[in-house]
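Chemist:
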Amino acid sequence: MTYEQKIRWLGQYGAAVRKERLLESELEMMRSAAERVTACLGGTPGAGPDPDRLPRAVEKIDDTRKKLARQVEECVACRVRVLRVVAGVEAPDVQEVLRRRYILGQTYPEIADAMNVVVRRVYQIHRAGVMALDIGENPS
């Protein structure tokens, strides 16, 4: 794998987390919309112009909950895959940089600050660490 391919592979966990957060936001918006629908109906069955509006909202919420549950499982699986590969690197400082970057999502300056090194050193450790990773030909 090339350096760029390894970076994309390492980024799979961050992408999964972003998708999870998006689904959580979507679910929250749906819940809020359903509460507004409920308030508009005023507790009267069949009231309002569209009596099926609330059941459809509930169905959408249930579908999104299921998607979110699957996404949480995918996040866990991605995290395990990335951590397993990172743990295969012998140097503790390399492991720390890669974990902070791809699991915690920290920026290079944040990593440098946490490790008490200059940012340039973090870049060096990162590049060497990525190059040293053994991801394999068909990583899952």
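Start counting the sequence shown at 293; every next residue gets the next number (my numbering). Note that beta-carbon positions come from the ideal geometry of N, C-alpha and C, so glycine has one too. In this text the structure is predicted, and so the values were computed from the model without any measurement.
#1: Give me the Cα-Cα distance between VAL386 and SER324, rounded to the nearest whole angstrom.
#2: So, at 6 Å on beta carbons, what are the nonlocal neighbours of VAL361 in its own chain, with the 5 sequence-adjacent residues on each side left out?
#3: Would you kindly work out how many angstroms separate the C-alpha atoms of ARG371 and ALA404, rounded to a whole number?
#4: Just mark ALA308 as buried or exposed, buried being the case when its beta carbon has 16 or more other beta carbons within 10 Å.
#5: List the endpoints of the continuous alpha helix (DSSP H) containing ILE299.
#6: So VAL422 packs on TYR295, CB below 8 Å; how close in whole Å?
#7: Which whole-angstrom value is the C-beta distance of ILE395 and TYR305, which I expect to be below 8 Å?
#8: Would you grab the beta carbon distance between THR356 and LEU319 for me? Rounded to a whole angstrom, and I think it's under 8 Å.
#9: Ignore the nearest five residues each way along the sequence and tell me which others in ALA406's own chain have a CB closer than 8 Å to its CB.
Modeler: Straight from the coordinates:
#1: In this model, VAL386 and SER324 are separated by some 44 Å (Cα to Cα).
#2: It is worth fixing the name first, because residue 361 is Ala in this sequence and not Val. There are no such residues.
#3: Cα to Cα, the separation comes out at about 22 Å.
#4: Under this definition ALA308 is a buried residue.
#5: Counting along the chain, the alpha helix (DSSP H) containing ILE299 begins and ends at 295-302.
#6: Between TYR295 and VAL422 the Cβ distance is about 6 Å, and since that is below 8 Å, they are a contact.
#7: Their Cβ separation, rounded to whole angstroms, is 6 Å, which keeps ILE395 and TYR305 in contact under 8 Å.
#8: Beta-carbon to beta-carbon, THR356 and LEU319 are separated by about 5 Å, close enough to satisfy the 8 Å threshold.
#9: Taken in chain order, the residues that qualify are ARG392, GLN398.
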